[in-house]
RNA sequence: GGAGAGUUGGCAGAGUGGUCGAAUGCGGCAGUCUUGAAAACUGUUGACGGGUUAAACCGUCCGGGGGUUCGAAUCCCUCACUCUCCGCCA
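Numbering (the numbering used here), first residue to last: 450 to 887.
Below you can see the structure in the form of C-alpha cells.
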C-alpha cells in the first residue's frame, strides 16, 4: 500500500509515476473521496468529542449526587447522529481503502517504461550457451528415459500441470534444493527457515496477493462450513502459498524490530501452489509451468537506506547459484508493464534453455520498499528518531528448483541421452557423475 | 473432539461500568555521581489519524468483529489464538 499522505498531497505525481506501469489513477474520484472523508471524519470526531465531555460530566454529577436527568436529556439524540456520521465515514473509507489496496507500488526511477516482457532491458549476460554436435533434446524428452519425468501418471493422480519425478530425477531435484540452501546459509549469510504452506488472508494481504489476485491462488475448503461470516471476519480463510515469500515475509507482520536486529536475511525451501488461471495454453508441456513446484526463496527485511544495495546483493546471490552450476544466464530489469504489484523494482534472471533455444525466467528479485511493510505494519525503531518506521522488504527466488532442474538437464545433456551431473552437485548425488545412463 | 484458564503499551504484569491510554517493574532515552564504566539515584518514555511553523488541542486503539449503556479494558454475544488437563493421532 502506498502512503495515504503521499497519494493525498502529491496525487499528480503518483498518477504520473503509475503511468510507467500503464496504470491509470482516477484522480477525480480520489480527490472527491478525500474531501468527503475529511468532512465526515470531522463531523464524526466532533460528535464523539461532545459525547465524551457530556458523559464525563454525567459521571462527575453523579459522583456529587446531583440530578443527572437534564444532562441525560441533553445527549438523548446524540447517539443517532453519531451512528449516522460513522456510517457515512465508514462507507467513504471503505471505498478509499479498496482503491488504496488495489494500487500497485510506485516504480523506482530506474524502471524503464514498457508494455510487457518484450520491453524488459538486459543488464548483463553471463556465460556462453554451449555448442552441441548433436541434436539437443528438451527436458521432456530427456526425462522419458526410465520415466524419470512422468506427466501421464501425474495427470491420472491429480490432473494437468502436475509431474512425478522418479529415481535419479527426484534425487537430482533434492540435490538442487540442498545445494541452494547450503550456499545461501554458508556463503551468503542467510538463516534457513521452514514455514507453513497454508496461510490466512491477512498474510496474503500483507504481501499484496490479496485482495487483487485471488484467482491465482488455491483456496482451501475445510470439511465444515467455510461461508461462516464470523470466521471470515477473523480471517480464518486458508490458502495454499503461491511462494514462500508470503509466510516468510509475514514473520515480521505487526511487529517492531529493534534496529540492531536488521537486516533479517532468511532463506526457505517450500512447495509453491499456483492456479495458473489465465495462462491456459502457455507452457502446457513439461515442467516449466506447474500448479505445484518447489522454490528456494530469499527474503530480506532491511532499513530503508539499505534496500537498494540489498536488491543488488540478492540478485548476485541468485546469480551465484547459476555460476556455481555453470549455467549461462542473463539478467534483465523488468519494465513498468511487467513489474509485479508490490515491487518498486525487479530483476529477473533468465537461464539459457537449449531445448527451447531461449532464455527463460528462473528467478525474480524484487525490492518492495515500504509497500508490503505498510500493509503488514512491519516496523523497526529508528535510532535517529526513536520512533517506529516502516522497514523495507525484499524477496527473490534463489532459485526456482523445477526450472533449475530443467536447465541442468538441457544444458548438461550428452549425445547418448544421459545427463552429466554438475560438479557442485556431485557430493549431493553421493558421488554420482552421470544420470539417466540407460 | 471434551473441560477449564487466559489474550492489556518494546517486554513482564495490575486493573470487574465514570477524569483509565491504563498502576508497577524491566527495557529505552536524558541527567546526577565517576578519570571512564557499572551500580545507585532523579527525570522521561505507547501507537495511529486529524490539527499546528512548532505546540496546544481533538479523535481512535486494552486479541478480531458485533451488542448493551449517557459512558466499556471492565457487562453480553461471536470468532480466532495461547496455556493446562482428558481423548485421538504421525
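Just so you know, even glycine gets a beta-carbon here, dropped at the ideal spot from N, CA and C. Just so it is clear, the structure is predicted and the values come from calculations on it, not from any experiment.
Within 8 Å, strictly: CB atoms of residue i and residue j
i           : j           : result
residue 690 : residue 626 : no
residue 770 : residue 848 : yes
residue 741 : residue 611 : yes
residue 639 : residue 692 : no
residue 745 : residue 850 : yes
residue 576 : residue 861 : no
residue 766 : residue 557 : no
residue 753 : residue 841 : yes
residue 873 : residue 802 : no
residue 724 : residue 665 : yes
residue 470 : residue 553 : yes
residue 555 : residue 451 : yes
residue 839 : residue 751 : no
residue 964 : residue 829 : In the structure as shown, the chain starts at 450 and stops at 887, and residue 964 therefore has no counterpart that could be examined.
Pick from the options that is closest to residue i, judged by C-alpha positions
i           : options            : result
residue 455 : 803, 707, 819, 633 : 819
residue 743 : 722, 492, 805, 704 : 722
residue 592 : 828, 614, 655      : 614
residue 487 : 803, 760, 537      : 537
residue 551 : 655, 764, 706, 597 : 655
residue 790 : 704, 453, 472      : 472
residue 768 : 570, 747, 726      : 747
residue 881 : 523, 617, 481      : 617
residue 763 : 772, 776, 749      : 749
residue 533 : 580, 828, 493      : 493
residue 549 : 483, 780, 500      : 483
For residue j and residue i, believed in contact at Cβ under 8 Å, the rounded distance
i           : j           : result
residue 506 : residue 520 : 6 Å
residue 972 : residue 485 : This structure cannot settle anything about residue 972, because the visible part of the chain is limited to 450 through 887.
residue 878 : residue 621 : 7 Å
residue 792 : residue 815 : 4 Å
residue 870 : residue 883 : 6 Å
residue 737 : residue 855 : 7 Å
residue 859 : residue 588 : 5 Å
residue 688 : residue 711 : The Cβ separation is near 28 Å, so there is no contact.
Cβ-heavy atom distance, residue i to the ligand ADP, below 7 Å
i           : result
residue 468 : Because no ligand of any kind appears in the structure shown, any question about the ligand ADP cannot be addressed here.
### Query
Is there contact here, the region 784 to 801 with the region 558 to 569, by at least three beta-carbon pairs under 8 Å?
yes
- Message: So, does the region 588 to 608 touch the region 813 to 827, judging by three or more C-beta pairs under 8 Å?
- Response: no
| query | For the region 455 to 483, which segments carrying the alpha helix (DSSP H) assignment without a break, of at least 4 residues, lie completely within its bounds, in sequence order? | reply | 460 to 468
>> Quick check for students: name the residue ranges of the beta strand (DSSP E) that lie wholly in the region 758 to 798, counting only runs of 3 or more.
In response: 778 to 782
- Considering only residues of the region 795 to 856, which uninterrupted alpha helix (DSSP H) runs meet the minimum length of 4 residues and lie entirely inside it, listed in chain order? 820 to 825
- Query: Is there contact here, the region 729 to 741 with the region 697 to 705, by at least three beta-carbon pairs under 8 Å?
  - Reply: no
- Message: Measuring CB atoms only, is the region 830 to 845 touching the region 455 to 469, in the sense that at least three cross pairs come out at less than 8 Å?
- Response: no
(request) Within the region 702 to 734, note down every full beta strand (DSSP E) run reaching 3 residues or more, in order along the chain. (result) 704 to 707, 713 to 722
For a minimum of 3 consecutive residues, which ranges assigned as the beta strand (DSSP E) are wholly contained in the region 611 to 657? 640 to 642, 647 to 649
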